[in-house]
Amino acid sequence: MTDFSRDDVEIIHREAGFRGFYQLDVLTLRHRLFAGGWGPALRRELFVRPDAVCVLPYDPWQDAVVLIEQVRVGALEKSTNPWMLELVAGLFDDGEEAEQVAHREAQEEAGLTLLSLTPITRYFPSPGGSNEQVYLYCATVDSRGAGGLHGLAVEGEDIRVSVWSRVDALTAMAEGRLDNAATIIALQWLELHGQALRDNAGPQP
0 MTDFSRDDVE IIHREAGFRG FYQLDVLTLR HRLFAGGWGP ALRRELFVRP DAVCVLPYDP
60 WQDAVVLIEQ VRVGALEKST NPWMLELVAG LFDDGEEAEQ VAHREAQEEA GLTLLSLTPI
120 TRYFPSPGGS NEQVYLYCAT VDSRGAGGLH GLAVEGEDIR VSVWSRVDAL TAMAEGRLDN
180 AATIIALQWL ELHGQALRDN AGPQP
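Note that numbering that gives the first Met the number 0 numbers the sequence shown so that position 128 is 127, with each residue one more than the last.
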């Protein structure tokens with residue numbers, strides 16, 4: 000583990016490259032080297048976007064997970080099917096806490112009420128070029144009646160919701176049908192901690 004800190008990176012210049020729903024900044028920077036001294040000036044593009052919250056809705060009474068499916072532009076050129084199976088997720092609005100985002104997005108994207116939230120981790124999905132952090136949770140839900148089409152029409156969302164047994168979801172992950180980072184991390188966490196969630200769930204609401 001390095002002893003360096005953010006003070007060991009010097010931003011020489013920063014300029015706006017693009018401003019839209021997201022933004023791109025162009026940075027010229029240099030940083031200290033492991034061998035000592037400072038490295039050369041580097042030009043780097045930084046994709047600047049709000050942090051995100053991702054939630055794996057899990058029903059410990061049915062041993063099932065709720066997944067959503069929607070088209071993803073990032074998968075258009077590298078996948079035969081850009082409609083991805085994934086977690087409930089959304090970006091922070093101004094002034095929101097992570098748990099507020101989780102509850103809001105669960106309602107908007109899946110029509111779900113979250114009964115409890117367990118933090119899994121917080122991570123950078125692509126720190127080589129983006130400053131986004133993901134707050135990842137597992138949420139206890141009652142999956143009975145879950146499904147159908149959801150999403151906010153004003154945001155152009157067209158989301159299909161489905162309930163999967165935990166075993167079937169893990170099989171789909173192993174076969175590569177679930178191929179986005181948040182879903183993979185959350186399902187791996189559930190495999191390690193799911194039994195404790197089932198043991199402590201209590202009577203079904």
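Each residue gets a CB set at the ideal place from its N, CA and C atoms; glycine is no exception.
Of all the options the options, which has the alpha carbon lying nearest to the alpha carbon of residue i?
i	options	result
Ile67	Pro202, Val87 and Pro81	Val87
Val276	Met83, Val166, Gly89 and Gly144	This structure does not reach residue 276, given that the chain is present from 0 up to 204, and the question cannot be answered.
His149	Gly155, Arg159, Ser142 and Arg143	Arg159
Ala145	Glu107, His192, Tyr134 and Arg18	Glu107
Gly193	Ser4, Asp58, Phe123 and Asp50	Asp58
Glu196	Pro118, Gly19 and Arg5	The sequence given here has Leu at residue 196, not Glu. Per the Cα distances, Pro118.
Return the chain-ordered list of same chain residues with a C-beta closer than 8 Å to the C-beta of residue i, the five sequence neighbours on each side being excluded.
i	result
Leu113	Val54, Pro56, Ala101, His102, Ala105, Ala138, Thr139 and Val140
Val72	Pro81
Ala171	Leu84, Trp163 and Leu177
Asp24	Arg13, Glu14, Ala15, Gly16, Glu44, Leu45 and Val47
Take the Cβ of residue i as the centre, count every other Cβ of all protein chains shown within 10 Å, and call the residue buried at 16 or more, exposed below.
i	result
Glu12	According to the sequence displayed, residue 12 carries His and not Glu. Flag for His12 reads exposed.
Leu189	buried
Pro43	Looking at the sequence provided, one finds Arg at residue 43 rather than Pro. Answer is exposed; the Cβ neighbour count stays below 16.
Arg165	buried
Round the Cβ separation of residue i and residue j to the nearest angstrom and send it over; I've been treating them as touching at under 8 Å.
i	j	result
Arg29	Gly38	5 Å
For residue i, which of helix, strand or coil comes out of DSSP?
i	result
Thr182	helix
Val160	strand
Arg43	strand
Val8	strand
Asp93	coil
Gly187	The amino acid at residue 187 is misidentified as Gly; the sequence shows Gln. Helix at Gln187.
Ala145	coil
Suppose the cutoff is 7 Å on Cβ atoms and the five residues either side in sequence are ignored; what does the same chain contact list for residue i look like?
i	result
Val70	Pro81 and Trp82
Check whether the Cβ of residue i sits closer than 7 Å to any heavy atom of the ligand ATP, and report yes or no.
i	result
Ala40	By its list of ligands, the structure shown contains no ligand whatsoever, and the ligand ATP lies outside what it can speak to.
Spatial neighbours of residue i within its chain, please: CB distance less than 6 Å, with the 5 preceding and 5 following residues excluded, ordered by chain position.
i	result
Leu84	Leu66, Glu68 and Leu177
Thr182	Glu85 and Leu86
Ser129	Phe46
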